[in-house]
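Count the sequence shown with this note's numbering and you get residues 11 to 150, in order. Comments concern the structure below.
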Amino acid sequence: MDAVEKIRRYCEYQDRCESEVRRKMAQLLVPAEERDSLMEQLKAERFVDDERFAESFIRGKVNQKRWGRVKIRVELQQHGISSTIITKKMSEMDETRYEENLRYLVGRWKQENPDGERAKMVRHLMSKGYTADEIFSIDQ
């Protein structure tokens, strides 16, 4: 199987961003002079789409990992997604689900740590990407 076919299969498995595909091309030893044209071809064929990647990334992290906005934004930036796409896709986030996640996490923390310090809970939730304002609006 040639490198182009491997890249296509890699992209079919799940949504990929451009930086992941470029890294995979380097691993598969695709010559540097061929990478740009191959990337354009993959984009034209919709194998690579940063907007679609950002949308599915956000949905997965909110629904599965219960991450907050801050952590999601940082991770998308580390994947090389433009701030324009990040802002657009973050504004489309399911706010009801997001708030339910935060309420769930606060409730679970209080249940598991009935005598726990509030500061520890806040630090924990901030490490998951929630802002102090979001946390304090839920935990009053």
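Note that beta-carbon positions come from the ideal geometry of N, C-alpha and C, so glycine has one too.
- Going by C-alpha distance, which of G117, A36 and R45 is nearest I148? Locating residue 148 in the sequence shown gives position 138, where the first residue counts as 1. Answer by Cα proximity: G117.
- Are the region 131 to 147 and the region 76 to 84 touching by the rule of at least three beta carbon pairs closer than 8 angstroms? yes
- Boundaries (first-last residue) of the alpha helix (DSSP H) holding Y20: Within the sequence shown, the letter at position 10 stands for residue 20. Its alpha helix (DSSP H) spans residues A13 to Y23.
- Message: Buried or exposed, going by whether 16 or more other CB atoms sit within 10 Å of the CB of Y108?
- Response: Residue numbering aside, residue 108 sits at position 98 when the sequence shown is read from its first letter. With 16 or more Cβ atoms within 10 Å of its Cβ, Y108 is classed as buried.
- Message: I'd like the list of long-range same chain contacts for V72, defined as Cβ closer than 8 angstroms, with 5 residues on each side in sequence excluded.
- Response: Taking the first residue of the sequence shown as 1, we reach residue 72 at position 62. Cβ neighbours of V72 beyond the five flanking positions: I82, M103, D104, R107, Y108 and N111.
- Within this structure, are the beta carbons of C27 and F57 separated by less than 7 angstroms? Taking the first residue of the sequence shown as 1, we reach residue 27 at position 17. Taking the first residue of the sequence shown as 1, we reach residue 57 at position 47. Their beta carbons are not under 7 angstroms apart, which means C27 does not touch F57 by this criterion.
- Cβ neighbour criterion (16 or more within 10 Å) applied to V84: Within the sequence shown, residue 84 is the residue found at index 74, counting from 1. It counts as exposed.
- Item | L52 versus R18: straight-line alpha-carbon distance, rounded | For the purposes of this step, residue 52 is identified with residue 42 of the sequence shown, where counting begins at 1. For the purposes of this step, residue 18 is identified with residue 8 of the sequence shown, where counting begins at 1. For L52 and R18, the distance between alpha carbons rounds to 8 angstroms.
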